[in-house]
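Asks: Residue numbers (my numbering): 149 to 615.
All residues carry an ideal CB built from backbone N, CA and C; glycine is no exception.
Could you have a look at this structure, given as structure tokens, before my questions?
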């Protein structure tokens, strides 16, 4: 295989996939805000936060599997704990691919079960507390149990994303996402209008992963590929492969935990200090900005396998051009989009008669500025990991611990509420992470910020002129 091709079709399907993800959120959000109570909206965001928290047990494996699937499909003949094996014109080693695939299946089979057990024990206790003994929301206990089960299947099928993305089947992965989201959208709309309340969302969440899995399996496991992939693999090879992946997965996992403390833990913490209505308001801001960020991120995410591919092939000039153009597109889209959310968000919510409001103007501005900087440095961190190196673990963990401790302190001793919640990560991240990881990549590539904008704008202009 050698050179992984990312075509215009892949980019197009990437945007269509994001359109469906965004569209499902945009279409269902007004219905959710109008038909669900503020307490139901708050519980929904807290459930999503908990599922994200237990998904941290993935511990960096999704990124490591995706990265190493890319290496194998680029011609690598062995997997390394650190660094990249440079093979300019290597053929795919199907035995190595089989071992990697079996390792992925083993890991996610166990991870999904562990996550489910945590959710139905500790998670149930938390939901019991924030819903005042399952009283604030109708059918709260049943809703939570079904949501826990849907999270189990979502995690179990995670390795399909890494498999297809690492194989260069970006368009196929996006098609699977589209079909899954379409089913989700249809179910949510029908059930909400039928008066099923918060049950509508969790039922759709339960069914959608099966659509994703079915399509991914159909696309990847063709007759030709199935004949080459070995059905049985020596368990000792799986153990050795796991050991190689674990070397960086544990670092990536610790970094992910730090990232969770930085960007997501505040929503979990405020469940102890603020009413569900305030949780819903802050959760709504996070959802809207996350939808916008996903759209802005689409082009960069589509090319993530290509960055690793360029490193294997040693094509660093191409790496620079692709990095600069995709990140410049991300920056422009996310800044303009956040401005629209801040200025027009409250007006649109009033127009649709939303029962849940956005936070005050100052909270939204600080949060959005922090998220622009967070998104940029996170993308630069992804570029670092494309080299199979994870140097930012300590910084991420330390920042995350500072943020969660300071957030609790602010909520305990001040009346700042959401203003304090968004100020803490903004200040902490400015101290180091926001500038350190972009500088790391610029130093590696011998670039300046001026070079970044110059190369990026030139590449975008070239692409546009060539249509």
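Any chance you could list the beta strand (DSSP E) runs of at least 3 consecutive residues sitting entirely within the region 347 to 406, in chain order?
Replies: none
Asks: Using 8 angstroms as the limit for Cβ to Cβ distance, is residue 219 near chain D?
Replies: Protein chain content of the structure displayed is limited to a single chain, and chain D is not contained in it.
Asks: Measure the Cβ-Cβ separation of residue 348 and residue 360 and say whether it is below 8 angstroms.
Replies: In terms of Cβ geometry, residue 348 and residue 360 do not form a close pair [threshold 8 angstroms].
Asks: Give the straight-line distance between the Cα atoms of residue 254 and residue 597, rounded to the nearest whole angstrom.
Replies: 43 angstroms
Asks: Compute the distance between the beta-carbons of residue 214 and residue 373, then report whether it is under 8 angstroms.
Replies: no
Asks: Taking only three categories from DSSP, how would you classify residue 541?
Replies: helix
Asks: Restricting to runs no shorter than 4 residues, where is the alpha helix (DSSP H) found entirely within the region 438 to 482?
Replies: 452 to 461
Asks: Would you decide whether residue 600 is buried or exposed? Buried here means 16 or more other CB atoms lie within 10 Å of its CB.
Replies: buried
Asks: Am I right that residue 141 and residue 610 are in contact with their C-beta atoms under 8 angstroms? What's the rounded C-beta distance?
Replies: Because the chain here runs from 149 to 615, residue 141 falls outside it and cannot be looked at.
Asks: Per DSSP, what kind of secondary structure is residue 298 in: helix, strand or coil?
Replies: Look at residue 298 here: in three-state DSSP terms it is helix.
Asks: In terms of residue numbering, what span does the alpha helix (DSSP H) encompassing residue 187 cover?
Replies: 186 to 202
Asks: Would you tell me roughly how many angstroms separate the C-alpha atoms of residue 550 and residue 416, rounded to the nearest one?
Replies: Roughly 16 angstroms separates the two Cα atoms.
Asks: To which residues of the same chain is residue 149 closer than 6 angstroms at the C-beta, ignoring the five residues directly before and after it?
Replies: Because the pLDDT at residue 149 is just 48, under 50, the model does not fix this residue reliably, and the value given afterwards should be weighed accordingly. When the five nearest sequence neighbours on each side are left out, the beta carbons in the same chain lying within less than 6 angstroms of the beta carbon of residue 149 are those of 221 and 240, in order along the chain.
Asks: Can you give me the Cβ contacts of residue 377 inside the same chain, cut-off strictly under 7 angstroms, excluding the 5 residues immediately before and after it?
Replies: So the qualifying residues of the chain are 242, 245, 246 and 249.
Asks: Which residue from 329, 446 and 495 puts its Cα closest to that of residue 354?
Replies: 329
Asks: Could you check which residue in 594, 217, 574 and 336 has the C-alpha nearest to that of residue 522?
Replies: 574
Asks: Give me the Cα-Cα distance between residue 229 and residue 392, rounded to the nearest whole angstrom.
Replies: 5 angstroms
Asks: Do the CB positions of residue 363 and residue 306 come within less than 8 angstroms of each other?
Replies: no
Asks: Note the first and the last residue of the continuous alpha helix (DSSP H) segment covering residue 274.
Replies: 272 to 278
Asks: Are the Cβ atoms of residue 432 and residue 479 separated by less than 8 angstroms?
Replies: No, they are not a contact pair.
Asks: Looking at residue 512: is its Cβ nearer than 8 angstroms to the Cβ of residue 495?
Replies: In this structure, residue 512 keeps its C-beta atom at 8 angstroms or more from the C-beta atom of residue 495.
Asks: Tell me the rounded alpha-carbon separation between residue 441 and residue 539.
Replies: 25 angstroms
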